[in-house]
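This report concerns only the one structure given below.
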Amino acid sequence: MTAAADLHGPLLEQTGAFRGNALLLTGPARVGKLDVARAVAAQHNCTGERGMYGEACGQCASCRALAAGAHPDVLLVEPRATTSTGKAARRKLIPIGAVLSARDKAREYETHVFEFLEVRPTFARRVVIVQGAEYLGPEAANALLKLVEEPPHGALFVFLAEDLRAVLPTIVSRSARLNVTPVSDPALERALLRAGQEPDAELVAFAAGRAGVLGDPEPVRAALQDARELTNALGESLLGALEAAEALEKRFNPAWHPETLRFTWRDQPPHVRARADAALTALQEALEAYASPSLSFQVFALALRDAFGHA
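Under UniProt numbering, think of the first position of the sequence shown as 1, with each following residue one higher.
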C-alpha cells in the first residue's frame with residue numbers, strides 16, 4: 001500500500017473510477033491535497049496491478065517516472081512566487097501566461113497548459129494539477145474552461161483549493177468536488193515510520209492531521225526549535241531577546257515559522273496569545289512591504305516581550 005492510499009484510501013477509490021474531465025480537491029492547507037493529486041495522476045497512468053483502494057502500483061514505468069518527479073504527462077501549475085525583479089510576490093496569482101505561452105511575456109512559466117495539452121500522452125492521460133485554484137485570474141480561468149470542457153486527448157484537470165468560496169463558480173460547476181480531510185494521529189505516526197523517521201509526538205501534534213506537514217519534516221522540526229528558542233529568550237533579558245530575534249531573521253521561513261510560533265504559544269493565556277499574534281502579523285506585513293528585516297525583527301522582539309509581560 002502506498003503512503004497516499006494509507007492516508008486517503010477511500011478517496012482514491014473514488015478518484016480511480018473517475019472518468020470526467022476535472023476534479024476539485026478541497027481541504028485545509030497542508031492536509032495532503034497535492035499528494036492526493038499526484039496519486040490521482042499515478043492512477044490514471046499506471047500500467048501495473050492496482051492496490052486495494054485502486055491506487056497505482058508504484059512499480060511500472062509511469063509510477064517510477066512520477067516518483068522521480070519527471071513524468072512527461074503531469075504538469076503542476078502554481079501561483080507565481082516572485083515578481084519579475086526577483087522579489088517575493090505580494091499577491092498570489094495564476095495569470096493567463098500560465099495557460100498560453102504567447103501571453104507569458106516575462107517567461108514566468110517554463111511549460112504552459114495549452115501547449116502541454118497539444119502533445120499526446122506518453123502513457124495514458126495527461127494530467128494538469130492546478131495548485132491554488134482560488135488564485136486563478138479571470139483570464140486564466142476562462143482560458144482553462146475551454147480546455148476543461150473539451151480537453152485535448154482526454155486530459156484530466158485536478159484543481160486544488162483551500163477556500164472553495166474563492167474559486168470561480170465556472171471552475172466549481174465543471175468539476176467533481178472531493179474533500180481531503182485531516183487524518184488520525186496514528187496514521188501520521190505510521191507515515192513517519194514508513195518514511196524511516198523516528199516517532200515524534202511534537203511533530204504529529206503540530207501537524208494536527210495534515211499529512212502534507214510530513215512531506216519534508218526537517219524544516220518543520222527546525223522551525224519548531226527556532227520558535228522555542230525565541231520564546232524562551234524573551235524572559236531572559238532584552239539583549240537575549242534581540243539576539244534570538246536576529247538569529248530567527250537569518251533563518252526565517254515564511255512557510256513554517258509563523259505557524260510554529262503560534263503553535264509554541266498555544267498554552268499561553270488568551271490575552272497573551274492575542275497580543276503575540278498581533279506582533280507576528282505586524283512582522284509579516286512589514287516583511288511583505290519590504291521593510292528592513294533587521295529592524296522589523298527587533299521591533300517584533302520588543303512587542304513579544306511586552307506581550308509576554310517581560311517589558
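Glycine included, C-beta positions come from ideal geometry on N, C-alpha and C.
Could you give the C-beta distance for residue i and residue j, rounded to a whole number, given that I count them as a contact under 8 Å?
i: residue 203; j: residue 304; result: 24 Å between Cβ atoms; not a contact.
i: residue 264; j: residue 228; result: 6 Å
i: residue 96; j: residue 143; result: 6 Å
i: residue 160; j: residue 136; result: In fact, because the Cβ distance is near 11 Å, the residues do not count as touching under 8 Å.
i: residue 112; j: residue 98; result: 7 Å
i: residue 212; j: residue 34; result: 7 Å
As a quick exercise: from the options, pick the residue whose alpha carbon is nearest that of residue i.
i: residue 319; options: 224, 76 and 269; result: Since the displayed the chain opens at 1 and closes at 311, residue 319 lies outside it and no answer follows.
i: residue 100; options: 236, 72, 218 and 141; result: 141
i: residue 170; options: 265, 146, 63 and 181; result: 146
i: residue 163; options: 196, 174, 217 and 180; result: 180
i: residue 294; options: 310, 265 and 244; result: 244
i: residue 275; options: 262, 286 and 285; result: 262
i: residue 59; options: 290, 48 and 52; result: 48
i: residue 249; options: 297, 287 and 189; result: 297
i: residue 172; options: 193, 201, 18 and 134; result: 134
i: residue 236; options: 268, 302, 269 and 266; result: 302
i: residue 256; options: 306, 214 and 242; result: 214
i: residue 260; options: 242, 246 and 277; result: 277
Which partner residues does residue i have in the DSSP bridge list?
i: residue 266; result: Answer is none; residue 266 lacks a bridge partner.
i: residue 94; result: 136
i: residue 159; result: 24 and 130
i: residue 251; result: DSSP lists no partner for residue 251.
i: residue 179; result: 26
i: residue 77; result: 130
Determine the direct distance from the alpha carbon of residue j to that of residue i, and round the result to whole angstroms.
i: residue 130; j: residue 191; result: 25 Å
i: residue 157; j: residue 20; result: 9 Å
i: residue 221; j: residue 75; result: 30 Å
i: residue 56; j: residue 36; result: 12 Å
i: residue 226; j: residue 78; result: 29 Å
i: residue 272; j: residue 115; result: 53 Å
i: residue 104; j: residue 45; result: 29 Å
i: residue 258; j: residue 165; result: 25 Å
i: residue 15; j: residue 216; result: 25 Å
i: residue 85; j: residue 108; result: For residue 85, the pLDDT reaches just 48, beneath the cut-off of 50, and the residue's location in the model is therefore unreliable, although a value from the coordinates is still provided. Rounded to the nearest angstrom, the two C-alpha atoms are 11 Å apart.
i: residue 92; j: residue 53; result: 35 Å
i: residue 176; j: residue 148; result: 12 Å
i: residue 238; j: residue 308; result: 13 Å
i: residue 30; j: residue 230; result: 25 Å
i: residue 189; j: residue 178; result: 25 Å
i: residue 32; j: residue 10; result: 14 Å
i: residue 62; j: residue 73; result: 9 Å
i: residue 195; j: residue 128; result: 27 Å
i: residue 286; j: residue 311; result: 22 Å
i: residue 138; j: residue 174; result: 15 Å
i: residue 94; j: residue 218; result: 29 Å
i: residue 18; j: residue 198; result: 36 Å
i: residue 266; j: residue 64; result: 41 Å
Report yes if the C-beta of residue i is less than 8 Å from at least one heavy atom of the ligand MG; otherwise report no.
i: residue 232; result: In the structure shown, the ligand MG is absent, as is every other ligand, since no ligand is present at all.
Quick one: any contact between the stretch 205–212 and the stretch 169–185, if contact means 3 or more CB pairs under 8 Å?
Between the stretch 205–212 and the stretch 169–185, the count of Cβ pairs shorter than 8 Å is three or higher; the stretches touch.
The stretch 113–125 in contact with the stretch 151–161 per 3-pair CB rule at 8 Å
yes
Touch test, the stretch 23–30 against the stretch 60–77, Cβ-Cβ under 8 Å, three pairs minimum
no
Three CB pairs or more closer than 8 Å across the stretch 3–14 and the stretch 39–48
yes
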